[in-house]
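**Student:** One structure is given below, represented as structure tokens, and several questions about it will come after.
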Amino acid sequence: MSLLLDSHREDASRRDWQSILHLDALLLFSLIALSTLGLFVLYSSAGGDNQLVLRQCIRLSIAFGAMALIAQLRPQWLQRWTPWLYSIGLLLLIAVLMVGDVSKDAQRWLDLGFVRFQPSEMMKLAVPMMVAWYLSDKRLPPSPSRLMIAGALIVAPVVLIAIQPDLGTSLLIGSAGFFVLFLAGLSWRLLGGLIVLAAAGAPILWHFMHDYQRQRVITFLNPEQDPLGAGYHIIQSKIAIGSGGLFGKGWLNGTQAHLEFLPERSTDFIFAVLGEEFGLFGIGVLLLIYSFIIIRCVYIATQAQDTYSRLLGGSLAMTFFIYIIVNTGMVTGLLPVVGLPLPMISYGGTSMVTLMAGFGILMSIHTHRKLLPT
Amino acid sequence: MPTRVTIKDYLFESHLFMQRSVQALVFALVLITVLLGRLVYLQVLAHEHYTTLSDDNRIKILPLPPNRGLIFDRNGIILADNLPSYRLEVTPEQVHDMPATLDSLATIINIRDVDRERFEKLRARTPAFKPVPLRFRLSDEEVAHFAIDRHRYPGVDVVAGLSRHYPHGPLASHALGYVGRIDERDLQRIDVSNYSGTTHIGKVGIEKTYENTLHGTVGYRQVETNAEGRVLRTLVRTPPVPGENLYLTLDAELQNITEQTFGERTGAAIAIDPDNGEILAFVSKPTYDPNLFVNGIDSETYQALRDDDQQPLFNRALRGQYPPGSTLKPFVGLGGLEQGITSEHAHTFCPGYYQLPGKERKYRDWKRGGHGSVNLTSAIAQSCDVYFYDLALSMGIDRLHEFLAKFGFGTRTGIDISGELPGLLPSRQWKRAVRGQPWFPGETLITGIGQGFMLTTPIQLASATATLSTYGRRMRPHIVASTQKYDDPELSPIVNEPVLSVPIEDRHHWDVVINAMHEVVHGKRGTARKIGRHAGYEIAGKTGTAQVFGLKEEEKYEAEKLAEKLRDHSLFIAFAPVDTPKIAVAIIVENGGSGSAVAAPIARTILDAYLKKGDTP
Chain F
14 MSLLLDSHRE
24 DASRRDWQSI
34 LHLDALLLFS
44 LIALSTLGLF
54 VLYSSAGGDN
64 QLVLRQCIRL
74 SIAFGAMALI
84 AQLRPQWLQR
94 WTPWLYSIGL
104 LLLIAVLMVG
114 DVSKDAQRWL
124 DLGFVRFQPS
134 EMMKLAVPMM
144 VAWYLSDKRL
154 PPSPSRLMIA
164 GALIVAPVVL
174 IAIQPDLGTS
184 LLIGSAGFFV
194 LFLAGLSWRL
204 LGGLIVLAAA
214 GAPILWHFMH
224 DYQRQRVITF
234 LNPEQDPLGA
244 GYHIIQSKIA
254 IGSGGLFGKG
264 WLNGTQAHLE
274 FLPERSTDFI
284 FAVLGEEFGL
294 FGIGVLLLIY
304 SFIIIRCVYI
314 ATQAQDTYSR
324 LLGGSLAMTF
334 FIYIIVNTGM
344 VTGLLPVVGL
354 PLPMISYGGT
364 SMVTLMAGFG
374 ILMSIHTHRK
384 LLPT
Chain G
4 MPTRVTIKDY
14 LFESHLFMQR
24 SVQALVFALV
34 LITVLLGRLV
44 YLQVLAHEHY
54 TTLSDDNRIK
64 ILPLPPNRGL
74 IFDRNGIILA
84 DNLPSYRLEV
94 TPEQVHDMPA
104 TLDSLATIIN
114 IRDVDRERFE
124 KLRARTPAFK
134 PVPLRFRLSD
144 EEVAHFAIDR
154 HRYPGVDVVA
164 GLSRHYPHGP
174 LASHALGYVG
184 RIDERDLQRI
194 DVSNYSGTTH
204 IGKVGIEKTY
214 ENTLHGTVGY
224 RQVETNAEGR
234 VLRTLVRTPP
244 VPGENLYLTL
254 DAELQNITEQ
264 TFGERTGAAI
274 AIDPDNGEIL
284 AFVSKPTYDP
294 NLFVNGIDSE
304 TYQALRDDDQ
314 QPLFNRALRG
324 QYPPGSTLKP
334 FVGLGGLEQG
344 ITSEHAHTFC
354 PGYYQLPGKE
364 RKYRDWKRGG
374 HGSVNLTSAI
384 AQSCDVYFYD
394 LALSMGIDRL
404 HEFLAKFGFG
414 TRTGIDISGE
424 LPGLLPSRQW
434 KRAVRGQPWF
444 PGETLITGIG
454 QGFMLTTPIQ
464 LASATATLST
474 YGRRMRPHIV
484 ASTQKYDDPE
494 LSPIVNEPVL
504 SVPIEDRHHW
514 DVVINAMHEV
524 VHGKRGTARK
534 IGRHAGYEIA
544 GKTGTAQVFG
554 LKEEEKYEAE
564 KLAEKLRDHS
574 LFIAFAPVDT
584 PKIAVAIIVE
594 NGGSGSAVAA
604 PIARTILDAY
614 LKKGDTP
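If you're matching them up, the sequences are chains F and G in order.
Quick note: the working numbering has the first sequence finishing at residue 387, numbered continuously throughout.
Quick note: the working numbering has the second sequence finishing at residue 620, numbered continuously throughout.
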């Protein structure tokens, strides 16, 4: 590693504003495009609540600020601090279970006096960082024993978050860790075994699930069973999206959203507002931006010069994808209702800051490279 | 870290990572394709289906109730109108905790126990998504209080509407009737869809008879509602067609004078225009305030009205059946002349009683000493009973029945107010059918003086009097003169054709009877001569004193000794002016005593009020 740092001169021609600011223009502009689209949809779904839109703008500014800040940190520096970050996160998760605030029947928040803090958010970054840190130490693909340890590093926080209970976040963290393993060369045979194990473990998982979580699964399997209760969300969001058609009902003209038939329309179900008002065309635009971001992030990861950065960058890109597919799958009725926001579009603060911090890491990875002389 | 190993690993790992990245992207691509497929299904293939669901969600059809037609008297004085009013409605489906909501509402709006009871009853038989009225006629303060706190009460609404109002209160209440909330029985006789927005319906009187005319046709609006069911905007509006206005034949001023004159007495008075059968005054006493019924009368008030000895809710003018007493005599006399049984100059001696040939029983005359020798004219003027015992016996019940039936006795007049009773004109057939007994001659005698089985209603008696005054031209009494569409200033008169006029044998016979009735009022010995003084116009009339209580042969009638309920009914029929009759009246004062003393003066006041209206400035 020291070899890469010391023996190569930085290419002066690459020292444009991107290198100076440690930002990636393509990623930055597509993120700006995404948040702009998001603000338009949010403005509509807020139904005249300009305060809400304003707060989202402030959060976006903070999130972009966090991204820019993180992008300044060298990947090596992050790597060095990874075990600490992970350990602190794990301790905080245990603390949350013991002394955390209960909101909406789930213990997620830790009141630090001056700020309410969700340790699970921190773990969204800390877990892939930790697994990448651990695996990058030795040659890849990892040996079965190392995989076991890596697996334990993932499962511990996932379980702690799942019993809060916050199924959405634990799912995200689990997949973030999983993607590090996958990108590190987890063998397909082992992967197949894991899938079989997961299928076999589903009844056990069912046994440990809370009633409302079980209800969500039942509702997913048959939403019409309880059209005014738990199935209401899915039925109404399908109606919203379906009635949008090819080009939608027009901005601010979504009847499902504006007449309050659609629940959670500014947060988890905002995708349905987009689908209703802008139709398949609008959703296509959104998915194009998302795809571009994912591809750009994966590209950045492949261009990374050390294993830690590569594994971390690739995992962050794929976690972003999981975010998208879980939310859109839920809103379109393909997946059970799991409380995950639509990244960069849904109203909400903490997860957006974490997400943008992740993009900050990717930008840092990309802009702190030492280019080999041609 | 050994450099050589690192570089070697680096190339291998870089390759591995690239491979895995591509696989991950393919994985993502597959899932995104599945998502797109789902979206194409929802937004293209099932688009129509979801558009329908979306419209079903937001569009509701709400009925627009038509405004009820107004009711005016013949001079355009308003008798029934609609006032804006606010009612409080609760949609049970949208209320989570009904008792708590009602308790809480009661802190800002006056909700009595009666209101709650009625609300619970209505709620039990209304689907949960339909609003149920909780309070009617909210005050402005209550509306304002609720407006402030409205957000605290999802599913509770203040609804503006029009409420029936009778500005003159009890005036003509028995003619007008009233509207009340639609109940189970009403639902069976109405077109429910036309009443989908209507809460009230005519229950009795003109309000009931002319329900179809007054109600109008319901309109609709398609509205967009939010998930809570609150109406946000109207998409399509089909306006309702308001009900037609009614112009009555009733003269509110005359009605008022009649009611005032009648005072606290119990009974009925009808004034009718003999020319066309138009009802000028329609009084049944006691009256009640129809406004009490519009928004649901509370049970105490209702019980008080129902259990009142005077039975204010009883429409005596249409449903009160009284023996006509001596007021029947002109008709019996006319029958005797027309059927050739007696003549104008034939005399009968009245010793004060009458005996059937070969029978001991004495049928008494009201005048103990008798009237001496009387002819038809003096018999009517002095109301001699013996003359009519004799005449009735000569006619026999069959001819008596046949002739009296031509005047409408014993059948409904067909007046356009519902609920009329037919009275009773007895006959052999009737007695055999109903009593299973043969007809006895003694019953013919007392039928001849309007007693016994015979019963008439005040409206029937007035109609018969009018028919007599016009030489048999019998008009159906009616109270609605014309209707008026909401968008048309023109009135459409309701045509009233004569019904089965009485055939005339000899017009002179009618003159004789009418002259005799003139003698009743203006003759020296007329029973109603007191009211004939200084009239300024000529009146033909006949007094009647109907027995409620059969006296024994030798018993003397002493009003003071009898309980009030057993006292005689006081009757009077009249028309004026004699030559060109403009008004005919029939008055019955229950337990009033003699016709001349009580009923006749009331008639004079009515006639004066109507005929001298233009005289004094």
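Here a beta-carbon is modelled for each residue, glycine too, at the ideal position from N, C-alpha and C.
A quick note: this is a predicted structure, and the numbers were derived from the prediction, not measured.
#1: Please identify the residue among F:Ile306, F:Ser250 and F:Lys262 whose C-alpha is closest to the C-alpha of Ser279 (chain F).
#2: Would you report the Cα separation of Phe192 (chain F) and Ala314 (chain F), rounded to the nearest angstrom?
#3: Using a Cβ-Cβ cut-off of less than 8 Å, give me the residues of the region 37-52 of chain G that come near chain F, in sequence order.
#4: Could you name the residues of chain F that Ser421 (chain G) contacts, counting a contact when the two beta carbons are closer than 8 Å?
#5: Ile1 (chain F) CB to nearest chain G CB: under 8 Å?
#6: Throw me the rounded Cβ distance for the Arg77 (chain G) and Thr252 (chain G) pair, which I believe falls under 8 Å.
#7: Should Gly453 (chain G) and Gly547 (chain G) be called a contact, given that it needs their Cβ atoms to be closer than 8 Å?
#8: So Thr345 (chain F) and Leu56 (chain G) are supposed to be a Cβ contact under 8 Å. How far apart are they, rounded?
#9: Can you find a CB in chain G that lies within less than 8 Å of the CB of Ala314 (chain F)?
#10: Between Pro154 (chain F) and chain G, is there a C-beta pair that is closer than 8 Å?
#11: Helix, strand or coil: how does DSSP classify Lys251 (chain F) here?
#12: Rounded to whole angstroms, what is the Cα-Cα separation between Pro327 (chain G) and Leu458 (chain G)?
#13: At least one CB of chain G closer than 8 Å to the CB of Leu39 (chain F): is that the case?
#14: Can you tell me which of the three DSSP states Arg128 (chain G) falls into?
#15: Buried or exposed: which applies to Trp90 (chain F), given that a residue is buried once 16 or more other Cβ atoms fall within 10 Å of its Cβ?
#16: List, in chain order, every chain G residue whose beta-carbon is nearer than 9 Å to that of Lys251 (chain F).
#17: Below 7 Å between beta carbons is the criterion; list the residues of the region 60-86 of chain G that meet it against any residue of chain F, in chain order.
#18: Starting from Phe352 (chain G), trace the beta strand (DSSP E) both ways and give me its first and last residue.
#19: Do three or more CB pairs link the region 84-93 of chain G to the region 132-150 of chain G at distances below 8 Å?
#20: So Phe334 (chain F) and Asn60 (chain G) are in contact, right, with Cβ under 8 Å, and what is the actual spacing, rounded?
#21: With respect to the alpha helix (DSSP H) encompassing His572 (chain G), which residues constitute its N-terminal and C-terminal limits?
#22: With 8 Å as the threshold, decide whether the Cβ of Met21 (chain G) is near any Cβ in chain F.
#23: Shorter than 8 Å from the beta carbon of Thr341 (chain F) to some beta carbon of chain G?
#24: Taking the beta carbon of Asn594 (chain G) as the centre, do at least 16 other beta carbons fall within 10 Å, making it buried, or is it exposed?
#25: Cα separation between Ala467 (chain G) and Leu165 (chain G)?
#26: Quick check for students: name the residue ranges of the alpha helix (DSSP H) that lie wholly in the region 386-410 of chain G, counting only runs of 4 or more.
#27: Against Ala284 (chain G), what residues of chain F qualify as contacts under a CB-to-CB distance less than 8 Å, listed in chain order?
#28: Quick one: using the 10 Å Cβ neighbour count with 16 as the cut-off for buried, is Asn378 (chain G) buried or exposed?
#29: Apply the 10 Å Cβ neighbour rule to Val239 (chain G) and answer buried if 16 or more other Cβ atoms are within range, or exposed otherwise.
#30: Taking 6 Å as the limit between beta carbons, can you name the residues of its chain near Leu293 (chain F), skipping five residues before and five after?
#31: Please report the straight-line C-alpha distance between Leu55 (chain F) and Ser156 (chain F), rounded to a whole angstrom.
#32: For Gln64 (chain F), would you say it is in contact with chain G, using Cβ-to-Cβ distances shorter than 8 Å as the test?
#33: Could you please give the first and the last residue of the uninterrupted beta strand (DSSP E) stretch that includes Lys365 (chain G)?
#34: CB Ala274 (chain G) to CB Leu283 (chain G), shorter than 8 Å?
#35: Please confirm if the region 131-144 of chain F is in contact with the region 161-170 of chain F, defined as three or more CB-CB distances below 8 Å between the two stretches.
#36: What separation, rounded to the nearest whole angstrom, lies between the Cα atoms of Leu194 (chain F) and Ala103 (chain G)?
**Tutor:** Per the coordinate set shown:
#1: F:Ser250
#2: 13 Å
#3: Residues of the region 37-52 of chain G with a Cβ closer than 8 Å to any Cβ of chain F, in chain order: Val37, Leu38, Leu39, Arg41, Leu42, Val43, Leu45, Gln46, Val47, Ala49, His50 and His52.
#4: By Cβ distance, chain F contributes nothing, its closest Cβ being about 47 Å from Ser421 (chain G), past 8 Å.
#5: In this structure chain F extends from 14 to 387, so residue 1 (chain F) is not present and cannot be described.
#6: 6 Å
#7: yes
#8: About 15 Å; that fails the 8 Å criterion.
#9: yes
#10: yes
#11: helix
#12: 6 Å
#13: no
#14: coil
#15: exposed
#16: Leu45, Ala49, Tyr53 and Leu56
#17: Asn60 and Arg61
#18: Run containing Phe352 (chain G): Thr351 to Cys353, per the beta strand (DSSP E) assignment.
#19: yes
#20: Contact flag wrong, Cβ pair sits at about 33 Å.
#21: Where His572 (chain G) is concerned, there is no enclosing alpha helix (DSSP H), although the beta strand (DSSP E) it sits in stretches over His572 to Ala579.
#22: yes
#23: yes
#24: Buried is the call here.
#25: 41 Å
#26: 388-408
#27: The contacting residues do not exist; Ala284 (chain G) stays about 58 Å from chain F at best.
#28: buried
#29: So Val239 (chain G) ends up on the exposed side.
#30: If you ignore the 5 residues before and after Leu293 (chain F), its C-beta comes within less than 6 Å of the C-beta of Leu259, all in its own chain and listed in chain order.
#31: If I take the Cα positions, the gap works out to 47 Å.
#32: no
#33: Lys365 to Arg367
#34: yes
#35: With the cut-off at 8 Å, the region 131-144 of chain F and the region 161-170 of chain F touch.
#36: 57 Å
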